[in-house]
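See below for the structure under consideration.
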Amino acid sequence: MKLKTYQLRNAEPKVKKVKEKKHKGSFRKTLKRDGAFPYLCLLPSLIGVLIFFIIPFCVIIYYSMVDNPINKEFVFLQNYINIIKNTAFRRAAINTLTFSLTAVPLAVVLSLLLAMLLDCKIPFVSQFRTSFLCPMMVPVASVVLIWQVIFHYNGVLNDFLANFGVDKIDWLKSSKGQVVIVALFLWKNLGYNMILFLSALNNIPKDIIEVATLEGAGAFYKFFRIKLRYLSPTILFVTVLSLINSFKVFREIYLLTTDYPYDSVYMLQHFMNNTFRNIDYQKLSSAAILMAIVMIAIIGALFIAENKFGEDVEG
Amino acid sequence: MIVSKTSVSAKRRRGFSKKGQKLLMGVLTVFAAAAALIFLLPTILTMANSFMSASEINANYGAIFAKTEEGGKTFISEKINLKFIPDMVSFSQYYTVLFKSPDYLFKFWNSVILVVPIVIFQLAVAALAAYAFARLKGRLKEMIFFVYVVVMLMPYQVTLVPNYLVSDWLGILNTRWAIILPGIFTPFAVFLLSKIMRRIPFSLIEAAKLDGAGEFQIFIYVCLPLCKSALFSVAILVFIDYWNMVEQPLILLSDTSLYPLSVFLSQINTGEIGLAFAVATIYMIPTLLMFLYGEDYLVEGIAYSGGIKG
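Here is the structure:
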């Protein structure tokens, strides 16, 4: 196992000093003598996860392949074909995908830039860090009013743009809706990602950078050939995290536009909500499993890509 | 690896004038300050607006919220007035929220009663499980851990379907338990804590054993104290996530009187927009207080969460 845990500057210094690796072998061996307690520890959580996630998920796989809960006739992929043909699902899937494909890369790049900004020894770093992190701590429901004031047809943004002769845009109820939610997503998530990058930047071995500087490597070279390599596991993590969070943008959309949003921000969660309302188990389960498969495929691909990219750096 | 002929340019770079360096720092600082302003502004505005009287709010935002026609746009030409400082600081909104319309306080209580048990029990369950993951070995453990990670990675759109199904079986649909129970067993905290517990050195455990401590005592007296800060940070992260919940109540609760404030805020009548600002501010107080007192823990926790492979 690679020891890739990002050690923070002041995180449990006592623990860090003791060498872990030396004991690893014997540690594992002695586990045999430790008795049942560790197993018992796992039990509550394992039972819970099994009951609330794993078992029902298996049932859902079954549901997604029968025609209805009463008849239970096996139809294999028919439900999947139906769901893919469903226009509402397609709209939702395309919207969600468009959103994720714009928001996630932006979130990664911008948060890396913010982290690098705070990494270059400007004054007030801790104050800046606090203010970048603040949106994450503010409940979505609390700031939604201000977003309405800003993005409404008669809102502040249109007023401001009018100064430059831009026509009024109904931000929330037009195809521009995506722009708004990308902005809201970035506002909320950049801080978290930035912290991840900051700690990763701190963990790049200083001597390597120093050697590179002495050898005359430019800032450009240092960034793209050295730092980025060391950052690659973090980039992967931030990408995966942003991807997961990008599905949570439903909160903002729901709170801004309630149940009936404009077409361009009709997301998968909206589709699921509507399907829940008339409890169509076949639709629900096949949609959920389809999404799970896509998620796993995307995340798997990202892992493989990262392994390729960062392979010669022992993180 | 690096060809030394570039050293000429390096010399030039090292000779980068001090003045230029300072100028660059200045520009970067201004840039960071502008970004910080954007990040802080919505929160500050919400707070500021909560101290305005109802009439002031209506005067400022009439063009947006003072409409009743379904879906119709208002064409009131009034300008929006986004103000930082109220004309007159007024606590009337707070007074109404706290003493006159108990509905908001009920919803606030709904949020508390959903989130606090989730945080406490998720931490308890997760601390135990994380300890197990840190101490056990073997294929089976790795596989279980992998399953946990996969469950953690799934968005609500996926996990809500199993949750709904189980709640239906157990007959807890439309009760608070439908949200609390799956919340308790969400593997997020397990994942984070086990990353941290894995770093507890063996020698400490060995020493405790030599002193005659049992497994349970090791967990309580060695493991937990070492993870104290991590437990704090995980608690904060879990708390914000659930304080923000929207998806679960919408699907698992059909009785709107059980809705937490996070969902209810969006359903406030347009006529009571002043109140909404006050409620919004009250709603952020718990998380902002946590942020104020626990920022360092939080930052630590976030940094720990980095690196899925750990």
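If you read the sequences in order, they're chains D and S. Position 109 of the first sequence, counting from 1, maps to 109 under my numbering, and the rest follow consecutively. Convert by adding 1000 to the 1-based position in the second sequence; the result is the number in my numbering. Idealized CB from N, CA, C, for every residue including glycine. As the structure is a computational prediction, the values presented were derived from the model and not from experiment.
Whose C-alpha, out of S/L1173, S/N1049, S/E1215 and S/Q1122, is nearest the C-alpha of D/P38?
Of the listed residues, the one whose Cα sits closest to D/P38 is S/E1215.
Just curious, the alpha helix (DSSP H) that D/E306 is in, first and last residue?
Taken as a continuous stretch (DSSP letters only), the alpha helix (DSSP H) holding D/E306 covers Y281 to F309.
9 Å is my cut-off, CB to CB: does S/W1243 come that close to chain D?
Cβ-Cβ to chain D under 9 Å: yes for S/W1243.
Does D/F164 come out as helix, strand or coil in the three-state DSSP assignment?
In the structure shown, D/F164 sits in coil (DSSP, three-state: anything other than H, G, I, E or B).
So which residues of chain D does S/E1295 contact, with C-beta pairs closer than 8 Å?
Simply T130 and L133.
At a CB-CB cut-off below 9 Å, which residues of chain S make contact with D/T102?
By Cβ distance, chain S contributes nothing, its closest Cβ being about 17 Å from D/T102, past 9 Å.
Distance cutoff 9 Å, beta carbons only. Does S/V1190 sit that close to anything in chain D?
Cβ-Cβ to chain D under 9 Å: yes for S/V1190.
May I ask you to verify whether the segment 274-293 of chain D touches the segment 1151-1167 of chain S, counting CB pairs closer than 8 Å and requiring at least 3?
Contact between the segment 274-293 of chain D and the segment 1151-1167 of chain S is present, because at least three Cβ pairs lie under 8 Å.
If D/I244 sits next to S/P1155, beta carbons under 8 Å apart, how far is it from one beta carbon to the other, in whole angstroms?
The pair is a contact, with the Cβ atoms about 6 Å apart (cut-off 8 Å).
Is there at least one Cβ from chain S nearer than 9 Å to D/G191's Cβ?
Chain S contact via Cβ: present.
Mind reading off the beta-carbon distance from S/F1277 to S/S1050? Whole number of angstroms is fine, and I expect it under 8 Å.
With 8 Å as the limit, S/F1277 and S/S1050 qualify as a contact, their Cβ atoms being about 4 Å apart.
Buried or exposed for D/G300, going by 16 or more other Cβ atoms inside 10 Å?
Exposed.
Can you tell me whether S/V1158 is helix, strand or coil according to DSSP?
S/V1158 falls in the helix class under three-state DSSP.
Could you check if S/L1204 belongs to the surroundings of the ligand HEM, using beta carbon to heavy atom distance under 8 Å?
Absence of the ligand HEM from the depicted structure is noted, as is the absence of any ligand whatsoever, leaving it without description.
Less than 6 Å between C-beta atoms, sequence neighbours within five positions excluded: which residues of the same chain meet that for D/D167?
Taken in chain order, the list of residues that qualify is empty.
Listing by chain order, which chain D residues have their CB less than 8 Å from the CB of S/V1147?
Going along chain D in sequence order, the residues near S/V1147 (Cβ under 8 Å) are V49 and I54.
Report the residue from S/I1172, S/A1132, S/E1142 and S/S1194 whose alpha carbon sits nearest the alpha carbon of S/P1249.
Of the listed residues, the one whose Cα sits closest to S/P1249 is S/I1172.
Alpha carbons only, please: which of S/I1179, S/S1262, S/A1134 and S/F1188 is nearest the one belonging to S/I1205?
It is S/A1134.
Taking its Cβ as the centre, do 16 or more other Cβ atoms sit within 10 Å of D/N193, making it buried, or is it exposed?
Result: buried.
Starting from the C-beta of S/Y1283, find all residues in its chain whose C-beta is less than 6 Å away, skip the five residues before and the five after it, and write them out in chain order.
Only L1261 meet the Cβ criterion.
Hey, D/M322 and S/L1288 are a contact pair by Cβ (cut 8 Å); roughly how many whole angstroms apart?
The structure shown does not extend to residue 322 of chain D, since chain D is modelled only from 1 to 315, so the question has no answer here.
By the three-class DSSP mapping on this structure, what secondary structure does S/L1292 have?
S/L1292 falls in the helix class under three-state DSSP.
With a threshold of 9 Å between beta carbons, is S/R1135 in contact with chain D?
So yes, S/R1135 belongs to the interface.
By the three-class DSSP mapping on this structure, what secondary structure does D/V138 have?
Coil, per DSSP.
Please classify S/T1281 as buried or exposed, where buried requires at least 16 neighbouring CB atoms within 10 angstroms.
Buried, because 16 or more other Cβ atoms sit within 10 Å of the Cβ of S/T1281.
Just to make sure I have the definition right: I need the residues of chain D whose C-beta is within less than 8 Å of the C-beta of S/S1101. Which are they?
None at all; the shortest Cβ gap to chain D is about 17 Å.
Threshold first: 3 residues or longer. Then list the beta strand (DSSP E) segments lying entirely within the segment 196-235 of chain D, N to C.
Whole beta strand (DSSP E) segments, 3+ residues: zero.
Please report the straight-line C-alpha distance between D/K24 and S/K1137, rounded to a whole angstrom.
The predicted model places D/K24 with a pLDDT of 48, which falls under 50 and marks its position as unreliable; any figure quoted below should be read in that light. For D/K24 and S/K1137, the distance between alpha carbons rounds to 11 Å.
Which of the three DSSP states, helix, strand or coil, is assigned to D/V143?
Of the three classes helix, strand and coil, the one that applies to D/V143 here is helix, per DSSP.
Give the C-beta separation of D/I296 and S/V1150 to the nearest angstrom, bearing in mind that I take them to be a contact with Cβ-Cβ under 8 Å.
About 7 Å; that satisfies the 8 Å criterion.
Can you tell which of D/M291, D/V109 and D/P261 has its C-alpha closest to the C-alpha of D/L231?
Ranking the options by Cα distance to D/L231, first place goes to D/V109.
Just grab the DSSP bridge partners of D/F74 for me.
In DSSP, D/F74 forms a bridge with D/V66.
Can you name the residues of chain D whose CB is closer than 9 Å to the CB of S/M1025?
By Cβ distance, chain D contributes C120, K121, I122 and P123.
Going straight from the alpha carbon of D/S126 to that of S/L1226, what length do you get?
Answer to the nearest angstrom: the Cα atoms are 26 Å apart.
Would you mind reading off the limits of the alpha helix (DSSP H) that contains S/A1213?
From DSSP, S/A1213 is part of no alpha helix (DSSP H); its letter is neither H nor E.
Would you report the Cα separation of S/P1201 and S/L1160, rounded to the nearest angstrom?
If I take the Cα positions, the gap works out to 38 Å.
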